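Once you know that position 163 of the sequence shown is 163 in our numbering, the rest is easy, because the numbers rise by one and skip nothing.
Where a beta carbon is used, it is the ideal one built from N, C-alpha and C, also for glycine.
These numbers come from a predicted model, not from an experiment.
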Amino acid sequence: RAMASVWPPVQTTTKRTRVACWETHALATALGAMARRIVFVLGGPGSGKGTNCTRLVEDFGVVHLSAGDLLRAHMKSGSPEGEMIADLIKQGKIVPSSVTVSLLQKAMDESGKDTFLIDGFPRNVENRDSFVKQTGCDCEFVLFFDCPESVLEKRLLGRNEGRTDDNIETIKKRFRTFIESSMPVVELYEKLGKVCRVNSDQDKEKVYEQTKLYFSERLKPSFASAN
């Protein structure tokens, strides 16, 4: 009887402790998401997103996450999901939001930093909505690299990175996908006053000069004084 009278409080205490731990973890996760500063980097295939992100990392020490690179790495894992991703990318189609957001969230959690360049994402409005819902945060602003299709085709066909999706037919599909699916994301953020449009059909140094200016000005005061 003595044990019977003691056992319920012990059980209740354990349950409460578990709830408290879960709530603490949830709060920490939410606060971590709120503290993050995210920049979405958009533009057609070959517009210079990766090149300029690399330079921003060198100058500002931020984390560059390429949605495409994360997906391709997952694709090489040999899992059924990876094979599905490989087929979609080859066709120039969009991978399910849940897959991409999970990969991005995991990469951010493991980085130990708070400022991120997310390159090539969101690719459509549903991507963006899923990201906000799942991570609990939105971008500070969008860096949009604007470039004509003819210039992008020439750049992609001229580069040699061993990518199976750099052939003329797939390039055209990818550009159409960008116009039809990703431009609505740009338009959505333009209405919110969050788009920094960079003309990437010009000298590389001029492109980066404008990119760097937008970045340092938009993320004041942390980066305004960076060289």
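Fewer than three beta-carbon pairs drawn from the stretch 135-143 and the stretch 71-81 are found closer than 8 Å, and the two stretches are therefore not classed as touching. G92 is the residue among F40, E83, G92 whose C-alpha sits nearest the C-alpha of I168.
Per the coordinates, the alpha-carbon of S216 lies some 31 Å from the alpha-carbon of K154.
In the pairwise beta carbon analysis, the stretch 108-119 is classified as touching the stretch 40-53: at least three pairs are separated by under 8 Å. For N127, the number of other beta carbons within 10 angstroms of its own is at least 16, and it is reported as buried. For N167, the secondary structure class from DSSP, reduced to helix, strand or coil, is coil. Taking 8 Å as the cut-off, the Cβ atoms of I38 and S181 do not count as close.
Judged by beta-carbon spacing, K90 lies beyond the 8 Å limit of G82, meaning their Cβ atoms are not closer than that value. Beta-bridge partners of G112 (DSSP): none assigned. Within the same chain, and ignoring the five residues on either side of K173 in sequence, the residues whose Cβ sits closer than 6 Å to its Cβ are G92.
Listed as beta-bridge partners of C196 by DSSP are L143. The beta-carbon distance between S130 and V101, rounded to whole angstroms, is 5 Å. This is short enough to meet the 8 Å contact definition.
Within the stretch 61-89, the runs of alpha helix (DSSP H) at least 4 residues long that lie entirely inside it are, in chain order, 67-75. One Cα belongs to G46, the other to G136, and the distance between them is close to 30 Å. Taken atom to atom, the span from the alpha-carbon of N124 to that of Y214 is near 23 Å. If you ignore the 5 residues before and after G68, its C-beta comes within less than 7 Å of the C-beta of G120, all in its own chain and listed in chain order. When rounded, the separation of the alpha-carbon atoms in S66 and F175 is 18 Å.
DSSP, read as helix, strand or coil, puts F40 in strand. One thing to note: R218 has its Cβ no nearer than 8 Å to the Cβ of D146.
By the neighbour-count criterion, in which 16 or more other beta carbons inside 10 Å mark a residue as buried, S200 falls on the buried side. Close CB contacts of L152 within its chain, under the 7 Å cut and outside five residues either way in sequence, are with G44, P45, G46, S47, F175 (chain order).
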